[in-house]
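2 protein chains.
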Amino acid sequence: MANDAKLGEFELIDRFFAWSNSAVPRPDVILGIGDDAAVLRLPPDTDLVAAVDTLVVGRHFPAGSDPRSIGHRALAVNLSDLAAMGATPQWATLALTLPSADRSCGLRALGDAHGVASVGGDTTAGPLTISIQVLGHVTRGSGLRRGGAQPGDLVVVTGTLGDAGAGLRLVLDQVSTDDRNVADELIRRFEYPTPRVQFGCMARGIANAAMDLSDGLAGDLPKLATVSGLAAHIDVGRLPLSQALRSLVPLERAREWALSAGDDYELLVTVTPARVDDLRAAASRLNLTLTVIGEMHRGTGVSWTLNGLDFQAPAHGYDHFR
Amino acid sequence: MANDAKLGEFELIDRFFAWSNSAVPRPDVILGIGDDAAVLRLPPDTDLVAAVDTLVVGRHFPAGSDPRSIGHRALAVNLSDLAAMGATPQWATLALTLPSADRSCGLRALGDAHGVASVGGDTTAGPLTISIQVLGHVTRGSGLRRGGAQPGDLVVVTGTLGDAGAGLRLVLDQVSTDDRNVADELIRRFEYPTPRVQFGCMARGIANAAMDLSDGLAGDLPKLATVSGLAAHIDVGRLPLSQALRSLVPLERAREWALSAGDDYELLVTVTPARVDDLRAAASRLNLTLTVIGEMHRGTGVSWTLNGLDFQAPAHGYDHFR
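If you read the protein sequences in the order shown, they are chains A and B.
The first sequence begins at -9 in the working numbering and counts up one residue at a time.
The second sequence begins at -9 in the working numbering and counts up one residue at a time.
Written out as structure tokens, the structure reads:
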């Protein structure tokens, strides 16, 4: 109904969805973009795994963000969801709403890195919004669930926490530093998060439960504990914090962001103590830090301590409507 | 980042995505809403079929539309895409952007009608936008394509054309009538389109090519002809027009809307003359009108005639960026 751009829908789709169509034909894509729907073939004895996430300007990324970062993050948050299932991502569809037609997206590099084929999409005019659905598969019955934690499991996280929150605050000029390397590293963690796809696949059959940290540990861990029907205890002193974050803000603030700032897209995993070394070996092959931060118990709720004393964690993580 | 609503994300998801979770557990949904991603099981020897479409306020529906109609249409346009592949819809994921939290959607009735389970979703604040991805399956290798038309095929459409365009113009007060029944019928065709899912499934193995009519015949048929590597000829005098549309506007205007107004979500199918009676029998079992409007030829492009004379069809159908 509006009439605010120069490119036709087909040109836009060509441009935005070309991201991995340049690759050789894939036997798993029977019919890709250009028909009414995509036709895709799963390997034998696998289950389909599907995730969807939307990013909206002014809410998930600041107005004026680099379109490459927006595209990267939109795909990364979905790949991170598949990583948390231990699934192999294969295909993606994209629903883009654009205020105008002259933008470019950062989907290609990340899609190529994980072998994800763009198989469908839809572009409309409107306030900048990007919805991506990633489809993948996992060996039948082997998907990692949030609800699989067992009493006595260790609670483990990949990488470091709080960096993306710091990066966002640097972008928004809510905090600053003279150290350009520190700023660049933290901003990159916000703008170009790395979904832990390979680690998720390797954790299948080792970990008992997994989820990805999108809203912050204080918001996400209670969900895992609740669906597992267990309590969790976390030693806040063990939270993995990067050197960059530690040099930017005092320790107390760094811990606060690690708990509640969100957007890290690290994996939260529970594993029986007897298998934690197998998990460490997997992480080590990927040059990925792995940190035990607590354990699961019978009971309900999440308790937090610091230096042996009760610690008041933020009540909840990031919730778009609060 | 904004803070403009009263409900938390989980309450919203509970409300919007409950649409068919009330049903009994389904063996094809291994893991539904509540984990990082959905885990779904396809029947043996099937291919996965995936479609995505987005509706944006002010572009695909007028501001102030009944939320039930918006929800219905968002799901219907995707089901229509699967219908055009001859696929069976099974699951849907939903990405909703809402200006506020106090809305209700019309997804449940349509989802239930087609046995579609809601298996994932994402709700954010922002200008009203709804993206739905429908997933389904089709017997391996049997999906209907746009590119399968053969020289000599008849071109066939389901139902009547132009009604939804008339309905939209009634909603927008661009046209009016004193006959409330006529207005209601045409507005219903715009607000609550019926995707031809069952007919699409039945046409598999009979039709050579299929697509759904979302942008209008004049915009959509050239796409089918191009990917089939053929020309098409259409007799504009044969376009199926409803009594309601005929009573609302002069014949010339009715034909114009049938060709270019879009939003009808009828199926466009090509079939060898020897099989057209099989297709008629399928339509008849569904109480669905089927009309032969032309045929496919060797060559390129689409030609239109009316009463044996060349007819100038609108250059293209609905294109959101023009």
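Even glycine gets a Cβ: it sits at the ideal position worked out from N, Cα and C.
The structure presented is a predicted model; accordingly, all values stated were derived computationally and were not measured.
When the Cα of residue i is compared with those of the options, which residue comes out closest?
i              : options                        : result
V147 (chain A) : A:A303, A:T129, A:L269, A:H104 : A:L269
V42 (chain A)  : A:L65, A:L299, A:D143          : A:L65
A74 (chain B)  : A:D35, A:I122, A:D25           : A:D25
G190 (chain B) : B:S250, B:D71, B:G48           : B:D71
S218 (chain B) : B:L38, B:G138, B:T113          : B:G138
T290 (chain A) : A:L214, A:D225, A:L276, A:V266 : A:L214
G298 (chain B) : B:R49, B:Q140, B:H223          : B:H223
L118 (chain A) : A:R49, A:G149, A:T279          : A:R49
E181 (chain A) : A:P33, A:G54, A:R16            : A:G54
V47 (chain A)  : B:Q164, B:P17, B:L238, B:A115  : B:A115
S108 (chain A) : A:D18, A:R243, A:T87           : A:D18
S110 (chain A) : A:T150, A:L30, A:R179, A:L278  : The residue asked about is misnamed: residue 110 (chain A) is Gly in this sequence, not Ser. Nearest option by C-alpha distance: A:L30.
S244 (chain B) : B:V165, B:N171, B:V39          : For clarity, residue 244 (chain B) is Ala in the given sequence; the question names Ser instead. It is B:V165.
L21 (chain B)  : A:R136, A:G157, A:L88, A:L21   : A:R136
V266 (chain A) : A:V67, A:A173, A:I196, A:V239  : A:I196
How long is the line joining the alpha carbons of residue i and residue j, rounded to whole angstroms?
i              : j              : result
T44 (chain B)  : I23 (chain A)  : 16 Å
A13 (chain B)  : S274 (chain B) : With a pLDDT of only 47 at A13 (chain B), under the threshold of 50, the placement of this residue in the model should not be trusted, and no figure is reported.
P79 (chain B)  : A28 (chain A)  : 13 Å
W294 (chain B) : G152 (chain B) : 17 Å
A234 (chain B) : L162 (chain B) : 18 Å
D56 (chain A)  : R159 (chain A) : 16 Å
I177 (chain A) : A154 (chain A) : 7 Å
V292 (chain B) : L203 (chain B) : 16 Å
S132 (chain A) : S132 (chain B) : 29 Å
P33 (chain A)  : A264 (chain A) : 32 Å
A82 (chain B)  : Q302 (chain B) : 40 Å
V145 (chain B) : T281 (chain B) : 8 Å
D210 (chain B) : T87 (chain B)  : 29 Å
T150 (chain B) : R179 (chain A) : 54 Å
A248 (chain A) : L276 (chain A) : 22 Å
G157 (chain B) : E246 (chain B) : 14 Å
E242 (chain B) : R16 (chain A)  : 47 Å
I'd like the span of the alpha helix (DSSP H) that includes residue i, first residue to last.
i              : result
S274 (chain B) : 266 to 275
G61 (chain B)  : 57 to 75
Q233 (chain B) : 233 to 238
S218 (chain B) : 207 to 218
L84 (chain A)  : Careful: L84 (chain A) lies outside any alpha helix (DSSP H), inside the beta strand (DSSP E) at 78 to 88.
S250 (chain A) : 241 to 250
Taking 7 Å as the limit between beta carbons, can you name the residues of its chain near residue i, skipping five residues before and five after?
i              : result
A193 (chain B) : G76, L134, A200, V259, L269, A272
D143 (chain B) : N198, T260, V261, T262, E285, M286
T129 (chain A) : D35, T36
P141 (chain A) : L220, M286, H287, R288
D225 (chain A) : I283, G284, T295
D169 (chain B) : S237
Cutting at 8 Å between CB atoms, please list the residues of its own chain near residue i, excluding the five before and the five after it.
i              : result
L69 (chain A)  : P79, L100, H104, V106, V124, P185, V187
F51 (chain A)  : L45, S59, I60, R63
T216 (chain A) : T290
T279 (chain A) : T148, G149, T150, P230, A273
D300 (chain B) : S293, W294
If you follow the beta strand (DSSP E) that residue i is part of, which residue opens it and which one closes it?
i              : result
Q188 (chain A) : From DSSP, Q188 (chain A) is part of no beta strand (DSSP E) but of the alpha helix (DSSP H) over 187 to 193.
R221 (chain B) : One point to set straight first is that residue 221 (chain B) is Ala, not Arg, in the sequence displayed. Start and end: 221 to 225.
I177 (chain A) : It is not in any beta strand (DSSP E) - I177 (chain A) instead sits in the alpha helix (DSSP H) that spans 170 to 181.
T290 (chain A) : No beta strand (DSSP E) holds T290 (chain A); DSSP gives it neither H nor E.
D37 (chain A)  : 36 to 46
L162 (chain A) : Neither: L162 (chain A) is in no beta strand (DSSP E) and is coded neither H nor E.
CB-CB under 6 Å to residue i, same chain, minus the five flanking residues each way: which ones, in chain order?
i              : result
S250 (chain A) : G206, A208, P304, G307
P212 (chain B) : V292
G126 (chain B) : V39, L72, A77, T78, P79, Q80
T167 (chain A) : A173, L238
The ligand GTP and residue i: does the residue's C-beta get closer than 7 Å to at least one heavy atom of that ligand?
i             : result
R63 (chain A) : As far as ligands go, the structure on display features none, and thus does not contain the ligand GTP.
Original post:
Okay, do the segment 224 to 233 of chain B and the segment 246 to 256 of chain B touch, 3+ Cβ pairs below 8 Å being the bar?
Top reply: yes
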